[in-house]
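Q:
Residue numbers (my numbering): 0 to 462.
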């Protein structure tokens, strides 16, 4: 069963024409991008959701918006040579996909991970277009990264790599052109090195060229917490629509990086009990609830593996492998690690154990088959482009602060974040109802984000 199972069978002539159009464009995508499975998956999910929109408003087909929006405006690939601590020259591959600038400068994170390739960069950049549009803020979509693994590298090696990466990337970014941020493997430390090297090359302090900066040099308070907090705020809105509350809910959060840690923090603050989290080696389970201070010490200070948790809390259990975390009974599952971490089998296990809501803190962490399982079984499903948009939303708020040369307090930023996440949820619900799929937030998110960008593209002509 595929994503199409989520949609009603096409019955009207308009729906049949829209489905035919979508399938034809998808065939072009496959032909032009062979072997890029992650990119194919992302386009399939979004394309299928747009069939009701095209059936109702055929002008989007007539204007060729889908053909135009699926092609990046610019793709940059470059080598990144650097010298390790032993004096050996290493070479990695860097990317920046500048996908769509119809509503603002390109905006999206930089990922350092061995899995980075053209397919992953394009899938992330394509998703970013619609995520950014949903925030209601003037930012386009882009993504970047390198197949560099920061794990096991010294501070000096990481600094030399990021500086080499920036030696090429600086040519393609700027406060009104492309504004990168962090992602997997790129936090405040790496952003600091890149910003410092950019400043040195340019000979100017352009604060707005990066977001996710340390607050000591015009980073925004609340940016580090924003993606995790925002995902929980979105979850709260989903539950409220069903008369439910986070308080007393049992929650599983995969991953133990920035998104995961602050999703755990906010979920606990709102009264939920978070019992499990993971890293790329395995997961921990603490039936009494995770101790967040210990996780922060291990991951943010010591930079060690999550297995160390059991040394602090012997009552907890550690298991090798990541997928087993989804066998733990819970009310809410928040996949916050990486793409395709919940497959159909894991989704069925979650449903069997009574999960009420699944909220994507990562980008595309659920396969199309898993999404079908959740929606067809009445599980509330929060798609990543809506649920994890809090990070890029606060990045846009950071850009605003940089432009004004005025910092905001943590409380002010957090208040704006809550308002944005409520607005995103309402957009998704309204679009799902308008096009005949009430409560289907994935279809609602895709249609709502697409319409904003498509309308801007139409107004601007053939660009």
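Even for Gly, the Cβ is constructed at its ideal location relative to N, Cα and C.
Would you be able to state if there are at least three C-beta pairs under 8 Å between the stretch 358 to 378 and the stretch 393 to 410?
A: no
Q: Rounded to a whole number of angstroms, what is the C-alpha to C-alpha distance between residue 4 and residue 363?
A: For residue 4, the predicted structure reports a pLDDT of 47, less than 50, and the residue's modelled location is therefore unreliable. A value from the coordinates is still provided. Cα to Cα, the separation comes out at about 18 Å.
Q: Can you tell me the Cα-Cα spacing of residue 227 and residue 196, whole angstroms?
A: 29 Å
Q: Comparing C-alpha positions only, which one of 453, 412, 391 sits nearest to residue 106?
A: Closest in alpha carbon position to residue 106, among 453, 412, 391, is 391.
Q: On a CA-only basis, which of 95, 255, 163, 273 is nearest residue 245? Give me that one, please.
A: 273
Q: Taking DSSP as the reference, what is the three-state secondary structure of residue 277?
A: strand
Q: Could you tell me whether the stretch 247 to 256 touches the stretch 439 to 457, where touching means 3 or more Cβ pairs closer than 8 Å?
A: A contact between stretches requires three or more CB pairs, one per stretch, nearer than 8 Å, and the stretch 247 to 256 fails this requirement with the stretch 439 to 457.
Q: Pop quiz: residue 34 and residue 110 are said to be a contact at Cβ under 8 Å. What is the actual Cβ separation, rounded to whole angstroms?
A: Rounded, the Cβ-Cβ distance is 20 Å, inconsistent with contact.
Q: Could you check the C-alpha separation between residue 129 and residue 87 for me, to the nearest Å?
A: 42 Å
Q: Looking at the structure shown, is residue 444 part of a helix, part of a strand, or coil, going by DSSP?
A: helix
Q: Which runs of the alpha helix (DSSP H) at least 4 residues long sit entirely within the stretch 400 to 457? Give them in chain order.
A: 409 to 433
Q: Return yes when the Cβ of residue 318 is within less than 8 Å of the Cβ of residue 282, no when it is not.
A: yes
Q: Indicate whether residue 359 and residue 383 have their beta-carbon atoms separated by less than 8 Å.
A: yes
Q: Let me check one thing: in DSSP terms, what residues is residue 356 bridge-paired to?
A: 331, 379
Q: Report yes or no: do the stretch 91 to 100 and the stretch 63 to 75 share at least 3 C-beta pairs separated by less than 8 Å?
A: yes
Q: Between the alpha carbons of residue 268 and residue 57, how many angstroms are there, rounded?
A: 46 Å
Q: Where DSSP assigns a beta bridge to residue 365, which residues make up the other side?
A: 341
Q: So does the stretch 291 to 303 actually touch the stretch 320 to 331, counting three or more Cβ pairs closer than 8 Å?
A: no
Q: Among residues of its own chain, excluding the 5 on either side of residue 217, which ones have a beta-carbon nearer than 6 Å to its beta-carbon?
A: Taken in chain order, the residues that qualify are 206, 401.
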